[in-house]
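Asks: Mapping to the working numbering: the sequence shown position 82 is 67, numbers consecutive. In this text, a Cβ means the ideal position worked out from N, Cα and C, and glycines have one as well.
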Amino acid sequence: MSRPQVIIEEELKDIIPFFVTETQKDFVELQGLVDTSNLAGVSELAHRLKGECGGYGFDKLSELALEVEKAAKAGDGSKLSELVDQMVTYLAEAELRLGDANGPVLEIPKQ
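#1: Whose C-beta lies closer than 8 Å to the C-beta of leucine 68 among residues of the same chain, with five residues either side of it excluded?
#2: Which residues does DSSP list as the beta-bridge partners of arginine 82?
#3: So, under 8 Å CB-CB, aspartate 61 and isoleucine -8 are touching, yes? Tell me the CB distance rounded to an integer number of Å.
#4: My output table needs one value for tyrosine 41: the three-state DSSP class, helix, strand or coil.
#5: Assuming glycine 39 and serine 47 form a contact by the criterion Cβ under 8 Å, report the distance between their Cβ atoms to the nearest whole angstrom.
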């Protein structure tokens, strides 16, 4: 299976490493909220992630964040850990390309 690709606009290339690092921290916080069944907190953080991820071109993460937000608002905690795991995996495996699908790969230093 090939890695998912995220197309990064050239003007965002310098801030994407910061975005990725901060989003990874947000995922840890999100999982903590899920683990403590804080559905209001899950919904709020997922809503913020939905906008941030979409704004940086991570459309799949934005879609997953929307699913998390909806599940939290509906009180359906059973799906949340799986959805958060999908978000973490997607970000870890995504191949970031500058400009278009044939553009150079943007390497993010491992933290």
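Replies: Reading off the structure:
#1: Here the question's residue 68 lines up with position 83 in the sequence shown. Within the same chain, leucine 68 has close Cβ partners Leu49, Glu52, Val53 and Ala56.
#2: Position 97 of the sequence shown, counting from 1, holds the residue named residue 82. Partner(s): Ile(-8) and Val90.
#3: The residue labelled residue 61 in the question sits at position 76 within the sequence shown. The residue labelled residue -8 in the question sits at position 7 within the sequence shown. That pair is no contact at about 32 Å.
#4: Residue 41 sits at position 56 when you count from the first residue of the sequence shown. Three-state result, tyrosine 41: coil.
#5: Locating residue 39 in the sequence shown gives position 54, where the first residue counts as 1. Locating residue 47 in the sequence shown gives position 62, where the first residue counts as 1. With a Cβ gap of about 4 Å, glycine 39 and serine 47 count as contacting.
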